[in-house]
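In our numbering, the protein residues as written are 5 to 216. Even glycine gets a Cβ: it sits at the ideal position worked out from N, Cα and C. Working notes, structure below.
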Amino acid sequence: MAEAMGLRERKKRETALRIYRTAIALFVQRGFDNVSVQEIADAAEVSKMTVFNYFGSKEDLVLAPAKEHFGDVARAVRERGPGESAVEAVRRQFLEMIEARDPSVGLNSEPLSRQVRRLVADTPVLVERAFVSFQKATRGLAAILAEETGDPMLATVAAAMLSSARNALIEEFHRRIAEGETPDEVAADATERAHRAFALAENGLRDYARRP
5 MAEAMGLRER KKRETALRIY RTAIALFVQR GFDNVSVQEI ADAAEVSKMT
55 VFNYFGSKED LVLAPAKEHF GDVARAVRER GPGESAVEAV RRQFLEMIEA
105 RDPSVGLNSE PLSRQVRRLV ADTPVLVERA FVSFQKATRG LAAILAEETG
155 DPMLATVAAA MLSSARNALI EEFHRRIAEG ETPDEVAADA TERAHRAFAL
205 AENGLRDYAR RP
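Here it is as structure tokens:
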């Protein structure tokens with residue numbers, strides 16, 4: 005029974021990946037708005053209903069894998085150990101992802117992740133959906149911090165700073181690679197950049213941009 009379940013789950017993952025890769029290839033070739041779900045289903049050799057069984061919407065065909073990572077910051081804070089601050093937890097998690105060259109932080113040479121990022125940037129409806137997901141994740145982090153500290157306003161400020169610091173790092177990594185640097189070159193100082201970014205958040209912007 006366990007072996008049968010394992011085979012079934014593997015086949016489901018393979019089907020989902022085939023649909024996803026087929027959709028991205030068509031979107032990149034023709035544009036997100038110019039490809040129908042039926043065309044994706046035909047190219048992936050599945051039914052339209054099967055596509056929607058795996059992906060709830062056409063937008064999810066692009067953003068579903070990224071959604072797993074929108075909650076990374078909240079997860080780091082929620083699962084942090086005794087004596088660990090929120091910023092320490094988020095920084096530790098991010099440094100671990102740098103070490104692992106996790107594609108979600110932009111340090112992977114896989115061309116597909118670059119294609120997806122360009123596709124999102126060039127498609128207004130995907131930009132909007134990604135922004136909404138990011139905001140939802142930040143509110144989720146704020147809710148966790150508010151419950152622990154009892155101060156919703158400061159929790160909202162802290163959540164915005166932590167999320168923005170992390171997002172700024174990811175944006176920088178992607179930008180540098182898009183401008184010609186290799187993932188290895190970007191990774192060489194990624195840890196140092198991360199320490200600087202989170203130190204800014206950790207210090208509360210105290211001396212940031214003070215004029216002489």
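Review point. If we count the other Cβ atoms within 10 Å of its Cβ and call it buried at 16 or more, is G35 buried or exposed?
Key: As a working note, residue 35 is residue 31 in the sequence shown. By the Cβ neighbour-count rule, G35 is exposed, with fewer than 16 other Cβ atoms within 10 Å of its own.
Check your understanding: Exposed or buried, which one is L21 when buried takes at least 16 other CB atoms within 10 Å?
Key -> Position 17 of the sequence shown, counting from 1, holds the residue named residue 21. By the 10 Å Cβ count, L21 comes out exposed.
Practice item. Say whether the segment 90 to 105 touches the segment 197 to 206, bearing in mind that this needs 3 or more beta-carbon pairs closer than 8 Å, one atom from each stretch. Key: The segment 90 to 105 vs the segment 197 to 206: in contact.
Point to revise | Residue environment, M157, which counts as buried when at least 16 other CB atoms sit within 10 Å | key: Along the sequence shown, read from residue 1 onward, the residue named residue 157 stands at position 153. Counting Cβ neighbours within 10 Å, M157 comes out exposed, since fewer than 16 surround it.
Practice item. Under 8 Å Cβ to Cβ from K52, same chain only, skipping five residues before and after it: list those, please. Key: The count along the sequence shown starts at 1 and reaches residue 52 at position 48. Result list for K52: V41, Q42 and A45, in chain order.
Review point. Leaving out five residues before and five after A78 in sequence, what residues of the same chain have Cβ atoms less than 8 Å from its Cβ?
Key: Within the sequence shown, the letter at position 74 stands for residue 78. When the five nearest sequence neighbours on each side are left out, the beta carbons in the same chain lying within less than 8 Å of the beta carbon of A78 are those of A141, G144, L145 and I148, in order along the chain.
Review point. Taking all protein chains shown into account, do 16 or more other C-beta atoms lie within 10 angstroms of the C-beta of G87, making it buried, or fewer, making it exposed?
Key: Counting from one through the sequence shown, the residue named residue 87 turns up at place 83. Looking at its Cβ environment, which holds fewer than 16 other Cβ atoms inside 10 Å, G87 is exposed.
Point to revise | CB contact flag (V227, V131, <8 Å) | key: There is no way to answer for residue 227, as the model of the chain reaches only from 5 to 216.
Practice item. Keeping to the same chain, check which residues put their C-beta closer than 8 Å to that of T26; ignore five residues upstream and five downstream. Key: The residue given as residue 26 occupies position 22 in the sequence shown. For T26, where only same-chain residues beyond five positions count, the Cβ hits under 8 Å are I44, A47 and A48.
Exercise for review: Mark K15 as exposed unless 16 or more other C-beta atoms lie within 10 angstroms of its C-beta, in which case mark it buried.
Suggested key: The residue labelled residue 15 in the question sits at position 11 within the sequence shown. Counting C-beta atoms within 10 angstroms of its own C-beta, K15 has fewer than 16 neighbours from the protein chains shown and is therefore classed as exposed.
**Study point:** Length of the line joining the Cα atoms of V81 and H73
**Key:** Position 77 of the sequence shown holds residue 81. Position 69 of the sequence shown holds residue 73. Rounded to the nearest whole angstrom, the C-alpha separation of V81 and H73 is 14 Å.
Check your understanding: In angstroms, rounded to a whole number, what distance separates the CA positions of E83 and K62?
Key -> As a first step, residue 83 must be located in the sequence shown, where it is residue number 79. As a first step, residue 62 must be located in the sequence shown, where it is residue number 58. Distance between E83 and K62, taken at the CA atoms: about 33 Å.
Practice item. May I have the straight-line CA-CA distance separating E103 from V109, to the nearest angstrom? Key: Locating residue 103 in the sequence shown gives position 99, where the first residue counts as 1. Locating residue 109 in the sequence shown gives position 105, where the first residue counts as 1. The alpha-carbon atoms of E103 and V109 are separated by roughly 11 Å.
**Study point:** Endpoints, alpha helix (DSSP H) assigned at V81
**Key:** In the sequence shown, the residue the question calls residue 81 occupies position 77. Judged by DSSP secondary structure, V81 falls within the alpha helix (DSSP H) whose first and last residues are D76 to R82.
Practice item. Counting only the same chain and skipping the five closest in sequence on each side, list residues whose C-beta sits under 7 Å from that of K71. Key: Locating residue 71 in the sequence shown gives position 67, where the first residue counts as 1. When the five nearest sequence neighbours on each side are left out, the beta carbons in the same chain lying within less than 7 Å of the beta carbon of K71 are those of S137, in order along the chain.
Practice item. Report yes if the CB atom of V66 is closer than 8 Å to the CB atom of F31, and no otherwise. Key: Sequence index remark: in the sequence shown, residue 66 carries index 62 (1-based). Sequence index remark: in the sequence shown, residue 31 carries index 27 (1-based). Taking 8 Å as the cut-off, the Cβ atoms of V66 and F31 count as close.
Review point. Would you call E18 buried or exposed, if buried means 16 or more other Cβ atoms sit within 10 Å of its Cβ?
Key: The residue you call residue 18 lines up with position 14 of the sequence shown. For E18, the number of other beta carbons within 10 angstroms of its own is below 16, and it is reported as exposed.
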